[in-house]
Structures are given as structure tokens and as C-alpha cells.
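Asks: By the count of the UniProt record's numbering, the sequence shown reaches residue 190 at its end, each step adding exactly one.
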Amino acid sequence: MVGFLYMVWFRRVKQVRQATDTRGFTLIELLVVIAIIGMLASIVLTSLSGARERARNTSYLVAIREYQKALDFYYDDHGYFPVTGIVQNACIGTGHQSARCFGSATYAESTASSVAFRNAIDPYIDSDTRAGPQAGAYAGAMYFPQNSGQNYILRMMLEGVHYNCALGTEYINGNYTNNNRTRCDYTHPL
Numbered sequence: 001m002v003g004f005l006y007m008v009w010f011r012r013v014k015q016v017r018q019a020t021d022t023r024g025f026t027l028i029e030l031l032v033v034i035a036i037i038g039m040l041a042s043i044v045l046t047s048l049s050g051a052r053e054r055a056r057n058t059s060y061l062v063a064i065r066e067y068q069k070a071l072d073f074y075y076d077d078h079g080y081f082p083v084t085g086i087v088q089n090a091c092i093g094t095g096h097q098s099a100r101c102f103g104s105a106t107y108a109e110s111t112a113s114s115v116a117f118r119n120a121i122d123p124y125i126d127s128d129t130r131a132g133p134q135a136g137a138y139a140g141a142m143y144f145p146q147n148s149g150q151n152y153i154l155r156m157m158l159e160g161v162h163y164n165c166a167l168g169t170e171y172i173n174g175n176y177t178n179n180n181r182t183r184c185d186y187t188h189p190l
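#1: Nearest to Gln150 by alpha carbon, out of Tyr75, Ala131 and Gly50?
#2: Per DSSP, what are the beta-bridge partners of Asn151 in this structure?
#3: How should His96 be labelled, buried or exposed, when 16 other C-beta atoms within 10 angstroms of its C-beta is the threshold for buried?
#4: Under the rule that 16 or more other beta-carbon atoms within 10 Å means buried, what is Glu29, buried or exposed?
#5: Would you list the residues sitting across from Tyr186 in a DSSP beta bridge?
#6: Give me the residue from Gly140, Ile92, His78 and Leu27 with the minimum Cα distance to Ser148.
#7: With distances taken Cα to Cα, identify the nearest neighbour of Ala90 among Leu167, Tyr60, Ala131 and Val62.
#8: Can you confirm whether the segment 153-162 touches the segment 45-60 when touching is taken to mean that 3 or more C-beta pairs between the two stretches lie within less than 8 Å?
#9: Helix, strand or coil for Ala55? Go by DSSP, reduced to three states.
#10: Is there contact between the segment 66-73 and the segment 103-114, where contact requires at least three CB pairs shorter than 8 Å?
#11: Is the beta carbon of Pro145 sitting closer than 8 Å to the one on Ile121?
#12: Given a threshold of 16 other Cβ atoms within 10 Å of its Cβ, counted over all protein chains shown, does Leu40 qualify as buried or as exposed?
#13: Ignore the nearest five residues each way along the sequence and tell me which others in Tyr80's own chain have a CB closer than 8 Å to its CB.
#14: If you check the beta carbons only, do Ile125 and Tyr186 fall under 8 Å apart?
#15: So the candidates are Ala35, Arg52, Cys184 and Arg65; which of them puts its Cα closest to the Cα of Thr129?
#16: Quick check: Ala139 and Gly103, are their CB atoms within less than 8 Å of each other?
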């Protein structure tokens, strides 16, 4: 009888051990799953960085369109676009790195032409609104009045190389592509 009970008990212990042995994952299986999750996470993060760049570029293009509308309103009221003085350029917006568009003192936010431009269009738009990347060698956007204010050029930089300007003309130049930028010029009227 003891032998029979021992056999039943031994079989039951064996069944329990087999059941518990098949329920868990081995260390190798866990490492493989962790590696797969890591690879998927890196793919997702890589695609998100491109999405962030596209979102920033879209915001820059929206800002430029707002400046275009403000310039059109200014033209309707005055019969010409803002003329910025002897130096025919103005840095659009404020808050750029070192307070300079395109990283150049020539295009500083504090130049007389940049201040004159902001003062002229301030009734039509928040003239502190920045259009274009705020940091780097080629950052920001510029306004160039032409023909005594009868037309103008808006020049801006977008992040990334060969980004679709959506308005204006894309310029391919080593200085811009080496700095991961796309230069876009919009001439009004076309």
C-alpha cells in the first residue's frame, strides 16, 4: 500500500514539475524578445525625428504665409511694400540665435532695416513671430524689398536637405546642404 501511495505521489510530483517547467520563458527567449523590442523602438524613434522636422518646417511655412498676408495688407493701405532703408534687407522676427538671421551680423535683428520692417508690419502681424529655424549657421528668414517697394523677396531656410518649399523656389547650394538646410525664395509678384 505504501508503495502504491508513493507511486501516486511520485507521479503527481512529476506532473507538477512538468507543468511548472513549461510555464516560464527561458533566458534566451527573454533576451530575444528584448532585442526585438529594442529594434522596433529604434525604428519608431528614427521615424519620429523626421516627423518633428517636417512639423517644424510646416510651422515655418505657415509663419511665412502670415507675413505674406501682412505684407499684402500693408500694400493695400500704402500702395507699396515696406522699404527698409539703404540696406535692402530685414531679418524677419526675433529670438534667433545671437539675434542674427543666417548667423550674420549683416542680418541682425537690431539693424535699422530690421527694426523698420518690424515697425512697419506690426499693425498687421505680431512682428516678433519667427519664420525659420532659430539656431545654426543658416537660420531665420529675410525680407528684401525690390523696386522701391513694388515687389519683394522673402528668403527662408527650412530644416533638411531638398525639402519641398511649398511656395517659391528651392535653391540647391553647398553652403546650405552642408548645414542640413533648404533655401527657399519667394518673389512677389511672381
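Each residue gets a CB set at the ideal place from its N, CA and C atoms; glycine is no exception. Keep in mind the model is a prediction, meaning the values are calculated, not measured.
Replies: For this structure:
#1: Per the Cα distances, Tyr75.
#2: In the DSSP output, where bridge partners are listed per residue, Asn151 has Gln146.
#3: Answer is buried; the Cβ neighbour count reaches 16.
#4: Flag for Glu29 reads exposed.
#5: Under DSSP, the beta-bridge partners assigned to Tyr186 are Leu154.
#6: Minimum Cα distance to Ser148 is reached at His78.
#7: Residue Ala131 is the option with its Cα nearest to Ala90.
#8: They touch, by the three-pair rule.
#9: Helix.
#10: Not touching, per the Cβ criterion.
#11: No, these two residues do not count as a Cβ contact at 8 Å.
#12: Answer is exposed; the Cβ neighbour count stays below 16.
#13: Cβ neighbours of Tyr80 beyond the five flanking positions: Ser148, Gly149 and Gln150.
#14: No.
#15: The candidate whose alpha carbon is nearest that of Thr129 is Arg65.
#16: For the pair Ala139 and Gly103, the CB atoms are nearer than the 8 Å cut-off.
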